[in-house]
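**Student:**
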Amino acid sequence: MLTRPRLAVLGLDGLPLSLARELAPRLPNLAGLLDKAGSIEAELPELSPVNWTSLATGEGPEIHGVFGFTRLDPRSYELSLTDATHVSCPTLFDLLGERGLVSRVINLPNTFPARPLRGMLVAGFVAPDLERAVFPPFLAGQLARLGYRLEADTTRGAKDPAYLLAGLRATLASRRAALDLLWPDLAWDLFVFVLTETDRLFHFLWSAVTEKDHPLHRDCLELLEEWDRCIGTFLERFADLPGPKRLLVLADHGFTKLVTEVDLNRWLVEAGLLRLLPPQKHGADAEWEAARIAPQSAALALDPGRIWLHDQRRFGRGRLSGQEARPLAEQLRDALLGLTFQGERVMEQVFFGRDLYPGAAERFGAAVPDLVCLARPGFDLKAKFDRDSVFGRFGRDGAHTAGDAFFHDSHKARPQRVRDVGRLILEHFGTAACP
Numbered sequence: 002m003l004t005r006p007r008l009a010v011l012g013l014d015g016l017p018l019s020l021a022r023e024l025a026p027r028l029p030n031l032a033g034l035l036d037k038a039g040s041i042e043a044e045l046p047e048l049s050p051v052n053w054t055s056l057a058t059g060e061g062p063e064i065h066g067v068f069g070f071t072r073l074d075p076r077s078y079e080l081s082l083t084d085a086t087h088v089s090c091p092t093l094f095d096l097l098g099e100r101g102l103v104s105r106v107i108n109l110p111n112t113f114p115a116r117p118l119r120g121m122l123v124a125g126f127v128a129p130d131l132e133r134a135v136f137p138p139f140l141a142g143q144l145a146r147l148g149y150r151l152e153a154d155t156t157r158g159a160k161d162p163a164y165l166l167a168g169l170r171a172t173l174a175s176r177r178a179a180l181d182l183l184w185p186d187l188a189w190d191l192f193v194f195v196l197t198e199t200d201r202l203f204h205f206l207w208s209a210v211t212e213k214d215h216p217l218h219r220d221c222l223e224l225l226e227e228w229d230r231c232i233g234t235f236l237e238r239f240a241d242l243p244g245p246k247r248l249l250v251l252a253d254h255g256f257t258k259l260v261t262e263v264d265l266n267r268w269l270v271e272a273g274l275l276r277l278l279p280p281q282k283h284g285a286d287a288e289w290e291a292a293r294i295a296p297q298s299a300a301l302a303l304d305p306g307r308i309w310l311h312d313q314r315r316f317g318r319g320r321l322s323g324q325e326a327r328p329l330a331e332q333l334r335d336a337l338l339g340l341t342f343q344g345e346r347v348m349e350q351v352f353f354g355r356d357l358y359p360g361a362a363e364r365f366g367a368a369v370p371d372l373v374c375l376a377r378p379g380f381d382l383k384a385k386f387d388r389d390s391v392f393g394r395f396g397r398d399g400a401h402t403a404g405d406a407f408f409h410d411s412h413k414a415r416p417q418r419v420r421d422v423g424r425l426i427l428e429h430f431g432t433a434a435c436p
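Per my numbering: the sequence shown = residues 2 to 436.
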């Protein structure tokens, strides 16, 4: 009887290797992974949809087409969230399915709306409703009966830590219930299980996690102990699998303590390069009102550090010619590299989109930014449309980092970037990414 060379992937969203080592005495299952652990670099920008899509395709943004959480329509200037319909190349699950191999996937970000695959899928963030978040469709009823919760309410949770922690315990229980549902029959070749609770926790309660005298430190550690027990359940199931088998564990980016948010649209406004029309929206919606971008604008930004020149060849209201755009890009890069906060340099690097994403402009047009900023650790780049200051803190306590992302491979491979982990999966099954 032939055995299946199974591969199990455990995603630990936003977990830094440095913090994993610090917390190891309290988290025995995580500690057990450290002997073969290292770090990988996130794809840029260092966001979940970009990086989990790079894992799911084995490609970078220049091929899969996901450049951030949001997309701007270059004609209407309406802002929308990125989702799975924007992924422009086959996924691992597509490629493996063509060979008759079965994938089961739980809570992988940027897989909503769920699309057919050879296997089963429960989509992750952003997933607004359960019915469209699953494949096959019958899973929705089964998960609903289990009380499956797609996401914690971080909007309310940002102001109410107890509510946030309760919500994260509920989503963690939901992930465990889904694991119990989809794993046991072993009718699969690839299993992907992503825990996103750490990302939410670190965004709002980083100091509580890392500072022993913080009043919420104990509560956060108790949640992380529950999270570690869930990891333990996954690892026990993996240990019980017949061989041959392989385990990959990874984070999509790292985390650190927030110094300040840095709003690039406000910076562009103050530089005279972005003009905004009077607001039509108020409250929480105002920060997303990209339709305010006026024809007089020379540049604009989207979260986290993506900047476009307002080029008439790419934007309906664009005013710059190609001859004007290139020198302005160079001037902007130099100015951003010189940006400081309280004497500290904000930017680690500023890349030209054409260099970071070779060939992408021909494939994806206006979706590809002209500049991509990588901030130094602790600086969280934003691009809102309602801020009145470049610097400030708005309820968050942690910031993503491109480096220090956790990685473990039971076979001891040392990939450099998140996309390389996707390629390891394909190589494990003797499959190549699409040319």
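Beta carbons: idealized from backbone N, C-alpha and C, even for Gly.
1) Buried or exposed, going by whether 16 or more other CB atoms sit within 10 Å of the CB of M2?
2) Under the rule that 16 or more other beta-carbon atoms within 10 Å means buried, what is D389, buried or exposed?
3) Checking the sheet assignment: what are the DSSP bridge partners for G255?
4) Cβ of L48 less than 8 Å from any chain C Cβ?
5) Would a C-beta distance cut-off of 8 Å place R307 and M348 closer than the cut-off?
6) Starting from the Cα of P138, find the closest Cα among S89, G66, D200, P117 and give me that residue.
7) Check whether the Cβ atoms of G69 and T83 sit closer than 8 Å, and answer yes or no.
8) Relative to the C-alpha of P6, which candidate in L191, A403, R276, L338 has its C-alpha closest?
9) Does the beta-carbon of D241 have 16 or more other beta-carbons within 10 angstroms, so that it is buried, or is it exposed?
10) Just how far apart, CA to CA, sit D421 and N52?
11) Could I get the ranges of all uninterrupted alpha helix (DSSP H) runs contained in the region 60 to 128, with 4 residues as the minimum, in chain order?
12) Within the continuous beta strand (DSSP E) that includes W228, where are the two ends?
13) Excluding sequence positions up to five away, which residues of its chain have a Cβ less than 8 Å from the Cβ of R267?
14) Rounding to the nearest angstrom, what Cα-Cα distance links E363 and L24 in this structure?
15) In whole angstroms, what separates the C-alpha of P216 from that of L206?
16) Just tell me which of T92, D312, G360, G101 has its CA closest to the CA of Q324.
17) According to DSSP, E345 sits in a beta bridge with which residue or residues?
18) To the nearest angstrom, report how far apart A302 and T112 are at their CA atoms.
19) Take the Cβ of H254 as the centre, count every other Cβ of all protein chains shown within 10 Å, and call the residue buried at 16 or more, exposed below.
20) Just confirm the distance between the C-beta atoms of L329 and A299, as a whole number of angstroms; I'd bet it's less than 8 Å.
21) Taking the CB atoms as reference points, tell me whether V1 and D14 lie closer together than 8 Å.
22) Considering only DSSP beta bridges, list what Q350 is partnered with.
23) Just to check my reading of the structure: E212 and D381 have Cβ atoms closer than 8 Å, yes? What is that Cβ distance to the nearest angstrom?
24) P29: which of L173, L425, L222, A124 sits nearest, CA to CA?
25) Considering G423, what are the terminal residues of the alpha helix (DSSP H) in which it resides?
26) Is the distance from the Cβ of A43 to the Cβ of A406 below 8 Å?
27) For a quick check, are the C-beta atoms of S49 and P114 less than 8 Å apart?
28) Quick check on the burial criterion: 16 or more other C-beta atoms within 10 angstroms. Buried or exposed for H409?
29) Just to confirm, does F365 get its C-beta within under 7 Å of one of the non-hydrogen atoms of the ligand HEM?
30) Can you find the residues in the same chain that come closer than 7 Å, C-beta to C-beta, to L333, ignoring five residues on each side of it along the sequence?
31) Might you give, ordered along the chain, the residues of its own chain that have their beta carbon closer than 8 Å to the beta carbon of G366, omitting 5 neighbours on each side?
32) If you draw a straight line from the alpha carbon of A178 to that of W184, how long is it in whole angstroms?
33) Looking only at its chain, what residues have a beta carbon closer than 7 Å to the beta carbon of L202, apart from the 5 residues adjacent to it on each side?
34) Ends of the alpha helix (DSSP H) at V270?
35) Which value, in whole angstroms, describes the spacing of the CA atoms of G61 and Y358?
**Tutor:** With the given structure in hand:
1) Summary for M2: the model assigns pLDDT 43, below 50, so the residue's position carries little reliability, and this model does not support an answer.
2) exposed
3) T402
4) Judged by its chain identifiers, the structure shown contains no chain C, having just a single protein chain.
5) no
6) P117
7) yes
8) L191
9) exposed
10) 11 Å
11) 62 to 65, 93 to 99
12) W228 -> not in any beta strand (DSSP E); alpha helix (DSSP H) instead, spanning 218 to 241.
13) K385, R388, D389, S390, V391
14) 45 Å
15) 11 Å
16) D312
17) F342
18) 25 Å
19) buried
20) 6 Å
21) A query on residue 1 cannot be resolved here, the shown segment of the chain reaching from 2 to 436 and no further.
22) L375
23) Not confirmed; about 19 Å, so no contact.
24) L222
25) 419 to 429
26) yes
27) no
28) buried
29) In terms of ligand content, the structure shown is empty, and the ligand HEM therefore cannot be addressed.
30) A300, I308, L372
31) P75, R315
32) 10 Å
33) L169, V210, C221, L224
34) 265 to 271
35) 8 Å
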